[in-house]
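Have a look at the structure below before the remarks.
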Amino acid sequence: HTNINSSFLFCVISITILMGGVSSQRKCKSNVLGKNFVMGFPDNYGSLESNIELHILLVSFNTEPTEVKLSSQFLLSDGTTFGSIVQLQPGDYERVVVPSELEIIGSVKSYETILIESDYKISVYAIHLEDYTTDGYLAIPVENLGNQYVVAT
Numbered sequence: 002h003t004n005i006n007s008s009f010l011f012c013v014i015s016i017t018i019l020m021g022g023v024s025s026q027r028k029c030k031s032n033v034l035g036k037n038f039v040m041g042f043p044d045n046y047g048s049l050e051s052n053i054e055l056h057i058l059l060v061s062f063n064t065e066p067t068e069v070k071l072s073s074q075f076l077l078s079d080g081t082t083f084g085s086i087v088q089l090q091p092g093d094y095e096r097v098v099v100p101s102e103l104e105i106i107g108s109v110k111s112y113e114t115i116l117i118e119s120d121y122k123i124s125v126y127a128i129h130l131e132d133y134t135t136d137g138y139l140a141i142p143v144e145n146l147g148n149q150y151v152v153a154t
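The opening position of the sequence shown corresponds to residue 2 in this note's numbering, with each subsequent residue numbered one higher.
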């Protein structure tokens, strides 16, 4: 688990540096803070499908406590679905472990997605850790999603 823990730390530090490195003079056309998110975990390139860890990092920028609900319609192998309720304190963050069965393998239509609903605006990060490969992204709130996308590979 040393590789996975160091990979997680690397992702968090990288995201922090990227967020801090944005010039205050530039104006974004969209906002990464929101109350509703839909997200998934696509498989990593070269995935060995071993030691998979999926994490969601919920970050509050509010002055009030925030309740965040996470849910998925995907039926897990034990017959249940994934769901969690997290209480975020003002200005705090929480890491939520997601069942590895919610990794989306290949290019398919899938219910292996997660709905995130929050009382107040939050920021959401996805972190996907596997042996020899790590991936992560900043989720875009549903209200800021468009209908034209460019995928760079």
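In this text, a Cβ means the ideal position worked out from N, Cα and C, and glycines have one as well. Keep in mind that this is a model prediction, so the values were computed, not measured.
Local Cβ density within 10 Å of residue i, reported as buried at 16 or more and exposed below that
| i | result |
| --- | --- |
| N112 | The amino acid at residue 112 is misidentified as Asn; the sequence shows Tyr. Y112 comes out exposed. |
| T82 | exposed |
| Y133 | exposed |
| T135 | buried |
| E144 | exposed |
| G22 | At G22 the pLDDT is 46, less than 50, meaning the model places this residue with poor confidence and gives no usable figure here. |
| H2 | With a pLDDT of 46 at H2, under the threshold of 50, the predicted position of this residue should be treated as unreliable, though the coordinate-derived value follows. Its Cβ having fewer than 16 others within 10 Å, H2 is exposed. |
Backbone CA spacing between residue i and residue j [nearest angstrom]
| i | j | result |
| --- | --- | --- |
| L77 | G147 | 30 Å |
| L116 | L71 | 6 Å |
| V125 | L59 | 5 Å |
| F109 | G41 | First, the residue type needs correcting, since residue 109 is Val and not Phe in the sequence shown. Roughly 12 Å separates the two Cα atoms. |
| K122 | N52 | 32 Å |
| G84 | N32 | 26 Å |
| T114 | H129 | 14 Å |
| I127 | E54 | According to the sequence displayed, residue 127 carries Ala and not Ile. Going from the Cα of A127 to the Cα of E54 covers about 11 Å. |
| D79 | G107 | 23 Å |
Strand pairing of residue i, partner residues [DSSP]
| i | result |
| --- | --- |
| I102 | Rather than Ile, the amino acid found at residue 102 in this sequence is Glu. E102 pairs with nothing; no bridge assigned. |
| P43 | I105 |
| S61 | I123 |
| L130 | E54 and T135 |
| N37 | E118 |
Reference residue i; option with closest CA among the options
| i | options | result |
| --- | --- | --- |
| P43 | L55, T81 and E104 | E104 |
| G92 | T64, I117 and I106 | T64 |
| T67 | S119, E144, V33 and T114 | S119 |
| I86 | D79, S101, G80 and V69 | V69 |
| E131 | N45, V33, N32 and S108 | N45 |
| L89 | F62, L55, N52 and G107 | F62 |
| H56 | S101, G107 and V33 | S101 |
Distance cut-off 7 Å: residue i Cβ against heavy atoms of the ligand SAH
| i | result |
| --- | --- |
| G41 | The ligand SAH is absent from the structure shown, which contains no ligands of any kind. |
- Query: Touch check for the segment 93-112 and the segment 30-40: three-plus C-beta pairs under 8 Å?
  - Reply: Counting C-beta pairs closer than 8 Å gives fewer than three between the segment 93-112 and the segment 30-40, which falls short of the contact rule.
- Message: When you compare the segment 71-87 with the segment 128-140, are there three or more beta-carbon pairs, one atom per stretch, that lie closer than 8 Å?
- Response: Note that the segment 71-87 does not touch the segment 128-140; fewer than 3 beta-carbon pairs, one per stretch, sit closer than 8 Å.
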